[in-house]
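Taking UniProt numbering, I'd label the letters of the sequence shown as residues 1 to 375.
Here is the structure we will look at.
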Amino acid sequence: MITVPFLDLRAAYLELKEEIDTVINRILDSGCYILGPEVEAFEIEYAAYCETKHAVSVGNGLDALHLALLAMGVGPGDEVIVPSNTYIATWLAVSQCGATPIPVEPLEATYNIDPTLIKAAITPRTKVILPVHLYGQPSDLDPILDIARLHGIKVLEDAAQAHGARYKGKRLGGHGDAVAWSFYPGKNMGALGDGGAVTTNNPDIADHIKKLRNYGSRVKYINEVRGYNSRLDSLQAAILRVKLKYLDNWNERRRVIAQMYLDGLKDMGLIVPYVPEYVEPVWHLFVIRHSNRKELQQRLSEAGIGTLIHYPIPPHKQDAYQDNAMLSLPISERIHDEVLSLPINSTMTVGQAQYVMEAIQRVKTSSTKKRNHYS
Ligand SMILES: *Cc1c(COP(=O)(O)O)cnc(C)c1O
């Protein structure tokens, strides 16, 4: 029987085993394990890839968001506009600054923040707008940047799911004032451990994050600000340098599978992703919506197909944000009730994608029959 795991990180490693093992041994021999020349080389290469002036690596994606907000001057009493429909890390980064996340509903077609609703959420306390490029598809940045400029506030993008994606032909990384990245193993470009980065064209933001990630210090034992410990280690940097060379190929493989799904899942009683003409997504996730998600997930699981839900509970309904529990965010809540992520990744084959579509077709046929039988 064919099985289709949602994600197989070991298979992804084995594809590059020889190259990765070689660089790991090189770092073990180098005697330098945190920051250092390997991390600097990765930062230069990642900035070039993102078409930005600076890339500053940090310990993980949450820290990338948190330290970038601090570098933009966000603190207690401030407000940051966030999508209501996102992974909770986006909100947590704001809370960690002592600031308040102000949720704005998404466009139902793209699942990304609705730029037309942002203006009403701006107050004199608003410091930053924080759009997320959810599922690997860029948010509509131009109207967001226009509003921000008009009000003199900054834009930080959460691109943890969107390595390599393009907005109006230009690679993500330098549209807003800063862009936060995660290299968590399951992302489009993942390390073999935690990692993150901030890209920016603003030298002050880059410089401030370099201090914040290392105890507030640029020169050893000189502490200019109260910093944190959030550094990338040399092993992860070396692994990421290898992986960066393959990122475009991997994204292309995801694109092929996404196109198969888009073509094959039309007219099956479910909602497939909508791609506006101004974006080139990188398909971190392929998210469909179905009114009976539970049954579909169960039937796919019986066919050996792994699916996940991104995400089952929106941030404002989590215990961590009890103070937001009374907020009414109906679009977000509906999305969370219906979404299901089909397998899509860089090691998946065309045959596996075909198998997933056939399984969905079978579910559709049998549930139509059932309905006819009982009616
Ligand atoms: C993964 C992710 C993060 C956090 O990244 P970590 O490296 O796990 O800290 C932030 N935002 C979004 C949208 C993510 O998907």
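All C-beta atoms, glycine included, are put in the ideal place defined by N, C-alpha and C.
Self-check item: Three or more C-beta pairs below 8 angstroms linking the stretch 21-29 and the stretch 155-164
Solution: no
Practice problem: Rounded to whole angstroms, what's the CA-CA distance from residue 55 to residue 27? Just pull it up for me. | Solution: Taking the straight line joining both Cα atoms gives about 21 angstroms.
Self-check item: Heavy atom of ligand 1 within 7 angstroms of residue 194 beta-carbon
Solution: yes
Self-check item: Residues that DSSP places opposite residue 167 in a beta bridge
Solution: Answer by DSSP bridge pairing, in chain order: 170 and 279.
Quiz item: Of the choices 343, 354 and 237, whose alpha-carbon is the least far from that of residue 33?
Solution: The residue with the shortest Cα to Cα distance from residue 33 is 237.
Exercise. Name the two residues that bound the continuous alpha helix (DSSP H) containing residue 312.
Key: First-last for residue 312: undefined, no H or E at that position.
Quiz prompt | Beta carbon of residue 169 nearer than 8 angstroms to that of residue 201 | solution = no
Quiz prompt | Length of the line joining the Cα atoms of residue 294 and residue 363 | solution = 12 angstroms
Exercise. With DSSP collapsed to three states, give me the class of residue 224.
Key: Residue 224: coil per DSSP, three-state reduction.
Quiz item: So does residue 85 have its beta carbon nearer than 7 angstroms to some heavy atom of ligand 1?
Solution: no
Quiz item: Cα separation between residue 358 and residue 300?
Solution: 10 angstroms
Practice problem: Rank 88, 111 and 84 by C-alpha distance to the C-alpha of residue 104 and give the top, closest one. | Solution: 84
Practice problem: Assign residue 25 to buried or exposed, taking buried as 16 or more other Cβ atoms, counted over all protein chains shown, within 10 Å of its Cβ. | Solution: Result: exposed.
Quiz item: What are the boundary residues of the beta strand (DSSP E) that includes residue 83?
Solution: 79-83
Quiz item: Quick one, which of 244, 160 and 333 has its alpha-carbon nearest residue 63's?
Solution: 160
Quiz item: Who are the Cβ neighbours of residue 355 in its own chain at under 7 angstroms, not counting the five residues just before and after it?
Solution: So the list reads 2 and 4, once near-sequence residues are dropped.
Practice problem: Verify the contact flag: residue 89, CB atom, against every heavy atom of ligand 1, threshold strictly below 7 angstroms. | Solution: yes
Quiz item: Cβ atoms of residue 90 and residue 141: under 8 angstroms apart, would you say?
Solution: no
Self-check item: Cβ pair residue 136, residue 262 closer than 8 angstroms
Solution: no
Exercise. Name, in chain order, the residues that DSSP records as bridge partners for residue 101.
Key: 80
Quiz prompt | Alpha carbon of residue 231 to alpha carbon of residue 195, nearest angstrom | solution = 8 angstroms
Exercise. Kindly indicate which residue of 193, 138 and 177 has the alpha-carbon position closest to the one of residue 155.
Key: Residue 177 is the option with its Cα nearest to residue 155.
Exercise. Return yes when the Cβ of residue 88 is within less than 8 angstroms of the Cβ of residue 118, no when it is not.
Key: Not closer than 8 angstroms, so no.
Quiz prompt | Terminal residues of the alpha helix (DSSP H) in which residue 237 lies | solution = 234-264
Practice problem: Look at the alpha carbon of residue 292 and the alpha carbon of residue 257, and state the distance between them as a whole number of angstroms. | Solution: 24 angstroms
Quiz prompt | Which residues DSSP lists as bridging residue 4, in chain order | solution = 305
Quiz prompt | Residues that residue 94 bridges to, as DSSP identifies them | solution = Residue 94 pairs with nothing; no bridge assigned.
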